[in-house]
Each structure stands twice: as C-alpha cells, then as structure tokens.
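If you want my numbering, it's the position in the sequence shown, counting the first as 1, plus 29. Where a beta carbon is used, it is the ideal one built from N, C-alpha and C, also for glycine. See structure below.
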Amino acid sequence: MRSNLFDASNQERQTAERWSLQSSKMLRCALQPDAPEIISAQGAMVAYQGQMDFSYQGSGGGMKLLKKMATGEGGNLMRTRGHGEIFYARAAEEIFLLQLEGDAITLNTKNMLAFDSSIQWDIRSLGGAGFMAGGLFNLLLQGHGMVAVTSDGPPMLLDCSQQPTFVDPQAAVCWSANLQPQIKNDFKMGSLIGRGSGESFQLGFHGPGFVVVQPSEGRPVVAAG
C-alpha cells in the first residue's frame, strides 16, 4: 500500500519528554505510575497507548463546589493516571505549552486543554457583568508543572502595561494572573446582532502583564429547540 499518509512526518514522534507537541495541533503526554497525573478538559483525549485509568475530576469541595454549582465551570475535567502515552487535541486548534515555575496564570476555561495535577487550580469570577459578557468565570492555575492551552488560530500577545487593553471575552485565551480585568459595557439597545457580544462587553486590562488573544470568538452556541 502506498500513500503520503504513511510519511514519517505523520508518524508518532518518540521522545523522552513528558509533554511534547506532535504537531501544532496534537499534544503527546507520557505517563508513568510514579509521575503526577494529568487533569484535562473532558473530551480532549483523542488516543492513547498502554494502560490508562480515567476518572472524573470533581470540583474539590468547599468554595470550588459552590462555584461549579453556580456557574457550571470546572465541572468538565478528567483525571488520568497510567503507564503509556496519551494524545490530546481540540477541534484542530493550535496548542501551546506553558511551564509554570511557582508562578500563576489565568485561563479562559474553554481554552484549557490539560495540566499537571501538581498544579493548584481555582475558579475565579470576574464579576460586574451579566451573562451576555461570557467568560466571566475563569481558571487560575499556580505552582509548578506544565499547562497546555489552545487557540482557535494563531494567537496574538498584547502588552497591557503601556495603555488600557480591551478584549472580547470570547477571544481572550489567557492573561497574567496579577491582572484584574474589568468589565467594560458598551451595550446599546438593538446593538446585538448575531453573536455581537464583543462589541457590547469587553474585558479591560491595564497594568504590568500580558493578555493572549485568539483570532476567533469561538464556535457559535446553538440553542436547543
């Protein structure tokens, strides 16, 4: 059988690294019984080799549980342990790895792909806006370990230290944990056409730090019925 499907560029890239990108859209993670488990977005696993054990990652109780009940955030996480390799992807989006070294980062939950279970996480509320703003509850990750995030297209990194920066909540991928975004409301009656939320609500960032923006507002949500 002949096909360019079998080219070396399409084969698994063997590496000793725990986290490695097979391509810009496919992540490979190597698991060992004595290594930290991996917490991932539910549905992000596309393949695995070896022996894996999957379990639902609960909210962790306490305030996390209350936040999850109120927002639905943090409820779609999976915990994986085992021996072998596991592969993650999401809708052919671009994947980027961030190594946390005792620092922290805030993620838009829908852009979180996976992270080491050694990393502490919490659900944070931006507050100050209604449901239409979107992205009001985000994931704070801090500690030591690797984080994989996705971007729907090539991302752009914006410096927020020089002047106020405003971002559509659906397009914000992640930002410096020290930044406290404020909701800017430009709503005018009759201005919402289609998705349109980016023109009515924005996240305002200003201070020493960055925000990563994807060239997309994400996939439209289709209402049932």
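Distance, Cα to Cα, residue i vs residue j?
{"i": "residue 130", "j": "residue 32", "result": "44 angstroms"}
{"i": "residue 200", "j": "residue 167", "result": "13 angstroms"}
{"i": "residue 206", "j": "residue 154", "result": "13 angstroms"}
{"i": "residue 174", "j": "residue 122", "result": "22 angstroms"}
{"i": "residue 125", "j": "residue 76", "result": "19 angstroms"}
{"i": "residue 137", "j": "residue 40", "result": "32 angstroms"}
{"i": "residue 158", "j": "residue 233", "result": "With a pLDDT of 47 at residue 158, under the threshold of 50, the predicted position of this residue should be treated as unreliable, though the coordinate-derived value follows. Going from the Cα of residue 158 to the Cα of residue 233 covers about 12 angstroms."}
{"i": "residue 163", "j": "residue 194", "result": "At residue 163 the pLDDT is 44, less than 50, meaning the model places this residue with poor confidence; the figure from the coordinates comes in the next sentence. So the alpha carbons of these two residues sit roughly 18 angstroms apart."}
{"i": "residue 208", "j": "residue 244", "result": "21 angstroms"}
{"i": "residue 144", "j": "residue 152", "result": "15 angstroms"}
{"i": "residue 161", "j": "residue 30", "result": "Per-residue confidence for residue 161 stands at a pLDDT of 43, beneath the threshold of 50, marking its modelled position as unreliable; the derived number appears in the next sentence. Each residue's alpha carbon lies about 53 angstroms from the other."}
{"i": "residue 66", "j": "residue 115", "result": "12 angstroms"}
{"i": "residue 176", "j": "residue 214", "result": "31 angstroms"}
{"i": "residue 58", "j": "residue 212", "result": "37 angstroms"}
{"i": "residue 51", "j": "residue 235", "result": "36 angstroms"}
{"i": "residue 146", "j": "residue 132", "result": "15 angstroms"}
{"i": "residue 35", "j": "residue 192", "result": "50 angstroms"}
{"i": "residue 84", "j": "residue 204", "result": "29 angstroms"}
Mind checking residue i: buried by the 16 CB within 10 Å criterion, or exposed?
{"i": "residue 237", "result": "exposed"}
{"i": "residue 82", "result": "exposed"}
{"i": "residue 247", "result": "buried"}
{"i": "residue 210", "result": "buried"}
{"i": "residue 44", "result": "exposed"}
{"i": "residue 8", "result": "With the chain covering only 30 through 254, there is no way to say anything about residue 8."}
{"i": "residue 117", "result": "buried"}
{"i": "residue 61", "result": "exposed"}
{"i": "residue 56", "result": "buried"}
{"i": "residue 183", "result": "exposed"}
Look at the Cβ atom of residue i, then the Cβ atom of residue j, and state whether they are nearer than 8 angstroms.
{"i": "residue 134", "j": "residue 172", "result": "no"}
{"i": "residue 241", "j": "residue 186", "result": "yes"}
{"i": "residue 68", "j": "residue 127", "result": "no"}
{"i": "residue 178", "j": "residue 202", "result": "yes"}
{"i": "residue 140", "j": "residue 190", "result": "no"}
I think residue i touches residue j, with their Cβ atoms under 8 angstroms apart; what is that distance to the nearest whole Å?
{"i": "residue 111", "j": "residue 71", "result": "In fact, because the Cβ distance is near 17 angstroms, the residues do not count as touching under 8 angstroms."}
{"i": "residue 47", "j": "residue 64", "result": "7 angstroms"}
{"i": "residue 42", "j": "residue 53", "result": "Not really, about 13 angstroms apart at Cβ, beyond 8 angstroms."}
{"i": "residue 142", "j": "residue 119", "result": "6 angstroms"}
{"i": "residue 198", "j": "residue 239", "result": "Actually they do not touch by this definition, with Cβ atoms about 17 angstroms apart."}
{"i": "residue 86", "j": "residue 113", "result": "Contact doesn't hold; Cβ gap of about 20 angstroms is too wide."}
Ends of the beta strand (DSSP E) at residue i?
{"i": "residue 67", "result": "67–70"}
{"i": "residue 199", "result": "Taken as a continuous stretch (DSSP letters only), residue 199 belongs to no beta strand (DSSP E), as it is neither H nor E."}
{"i": "residue 55", "result": "55–60"}
{"i": "residue 141", "result": "141–145"}
{"i": "residue 30", "result": "Where residue 30 is concerned, there is no enclosing beta strand (DSSP E), given that its DSSP letter is neither H nor E."}
{"i": "residue 172", "result": "166–180"}
{"i": "residue 229", "result": "First-last for residue 229: undefined, no H or E at that position."}
{"i": "residue 131", "result": "123–137"}
{"i": "residue 152", "result": "149–154"}
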